[in-house]
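What follows is a single structure, written as structure tokens, with notes after it.
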Amino acid sequence: MLRQPFFKYSFFILLLVDLTFTAGLIVFDVTSISLNTLLATSIWFVCFYWLPVWLAALLIFSIRLRGFHNVLLECFVAVLSMSLGLAITNQLLLFTFDSYASMGNFVFFGGITWGIPIYFISRYIESRGKILQEKQARKQAQLQTLRYQLNPHFMFNSLNTISAYIHSNPDLADEVLHELADILRYSLDTGEANSVSLQQEIAIIDKYLNIEKARFGDRLTVNLDIPAELLNTQVPPLILQPIVENAVKHNAQKTQLTITIKVEKIAKRKDEILRISISDNGSGFSEAVITKGYGKGIGMKNLQQRMQQLPQGKVSLSNGTSDKASADKTGATVLVEMAL
Numbered sequence: 224m225l226r227q228p229f230f231k232y233s234f235f236i237l238l239l240v241d242l243t244f245t246a247g248l249i250v251f252d253v254t255s256i257s258l259n260t261l262l263a264t265s266i267w268f269v270c271f272y273w274l275p276v277w278l279a280a281l282l283i284f285s286i287r288l289r290g291f292h293n294v295l296l297e298c299f300v301a302v303l304s305m306s307l308g309l310a311i312t313n314q315l316l317l318f319t320f321d322s323y324a325s326m327g328n329f330v331f332f333g334g335i336t337w338g339i340p341i342y343f344i345s346r347y348i349e350s351r352g353k354i355l356q357e358k359q360a361r362k363q364a365q366l367q368t369l370r371y372q373l374n375p376h377f378m379f380n381s382l383n384t385i386s387a388y389i390h391s392n393p394d395l396a397d398e399v400l401h402e403l404a405d406i407l408r409y410s411l412d413t414g415e416a417n418s419v420s421l422q423q424e425i426a427i428i429d430k431y432l433n434i435e436k437a438r439f440g441d442r443l444t445v446n447l448d449i450p451a452e453l454l455n456t457q458v459p460p461l462i463l464q465p466i467v468e469n470a471v472k473h474n475a476q477k478t479q480l481t482i483t484i485k486v487e488k489i490a491k492r493k494d495e496i497l498r499i500s501i502s503d504n505g506s507g508f509s510e511a512v513i514t515k516g517y518g519k520g521i522g523m524k525n526l527q528q529r530m531q532q533l534p535q536g537k538v539s540l541s542n543g544t545s546d547k548a549s550a551d552k553t554g555a556t557v558l559v560e561m562a563l
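Position 279, counted from 1, in the sequence shown is what the numbering used here calls 502; the numbers after and before it change by one each time, with no gaps.
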């Protein structure tokens, strides 16, 4: 029970409150810096701040473990613990310092004054923590769901390729089958991972393109422009595959399809941004797709949702090459950006 985050954080917060209160008394000349002040501060911290709050928390957590969740009961426990702590503090101070004046009946009212605010502040912090944990859990579950949704169109084409070559070219069919198995294994192995190296992503893209080249042959060309120093950069798993797949799927009838993948590090304001551009010389996007950010398939839509979860995460679509200096305005470009 003592492993609850409350106990770790409350100790330091209460210590800070105690020291701040003592510092205030010294600043306003109510007391002076001395051993007596240090001793009194220690008594207040241990007997009034620390132990009563922890006692109240232990009792409240024990009550909750038994299935009781009653705000009034928990508040009463907090007030009772603080009153007990104040009574013990009062007696210790009377015993230690001859000049100390007893708090008398203020012991009970002090328990109310401190117990109720401490209880409700702690309850608010606890509620906020649970909300954030639930939000993070939902976010993680959503990301995992999106990662596992490999496009069924890709699976269908891959199996068709294997089926077409299994008798006429069994070696090629076997190669495609192994590449497909590696992609599926990668998808499962990275299901729990928040990030992988860019080198791993490029390796899985190579496997995907090997499958597609079994269908397209020399009609498919891929150019890579990736600085070696960026290969170890961490990126979310399976962010490139749906973009490359989208380019292949929508340009399957093209005589010669060329896909270019370019990775670079750019500066935006004070941040370093990783920019990945995937360009093709195909038919380009419709205006509706550019405006919306994705088409009818699930791959690009999932990618948009995943990138929105990342710091500075962004996906933008445009027609033409990503090279602004180029006069070539045919084809399509997908830009993926994220903070380094």
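Even for Gly, the Cβ is constructed at its ideal location relative to N, Cα and C.
Under the three-state reduction of DSSP output, Glu415 falls in the coil class, being neither helix nor strand.
DSSP places Ser233 in the helix class (H, G or I) of the three-state scheme. Contiguous alpha helix (DSSP H) elements confined to the stretch 229–316 occur at 258–266, 274–288, taking only those with 4 or more residues.
Around the CB of Asn313, 16 or more other CB atoms lie within 10 Å, so the residue is classed as buried.
In the displayed model, Arg498 falls within a strand according to three-state DSSP.
It is roughly 12 Å from the alpha-carbon of Ile489 to the alpha-carbon of Leu453. Just measuring C-alpha positions, the residue of Tyr342, Phe320, Asn328, Thr245 sitting nearest Leu282 is Tyr342. For Met561, the uninterrupted beta strand (DSSP E) segment begins and ends at 555–562.
When secondary structure is reduced to three states using DSSP, Asp394 falls in the helix class.
Pairing Asn383 with Pro465 gives a Cβ-Cβ distance that is not under 8 Å. Taking 8 Å as the cut-off, the Cβ atoms of Gln527 and Gly516 count as close. Secondary structure within the stretch 466–541: the alpha helix (DSSP H) runs of 4 or more consecutive residues, fully enclosed, are 510–515, 521–530 (chain order). In the displayed model, Thr444 falls within a strand according to three-state DSSP.
Sequence-distant partners of Asp503 (beyond 5 residues in either direction) whose C-beta falls short of 7 Å from its own C-beta, in its chain, are Ala470, Asn474, Leu480, Thr481, Ile482, Gly554, Ala555. Scanning Gly518, Met523, Leu558, Gly414 for the CA closest to the CA of Lys537 turns up Leu558. Closest option to Leu540, judged by alpha-carbon separation, among Leu563, Asp397, Leu443, Ser509: Ser509.
A distance of 8 Å or more separates the beta carbons of Phe230 and Trp267.
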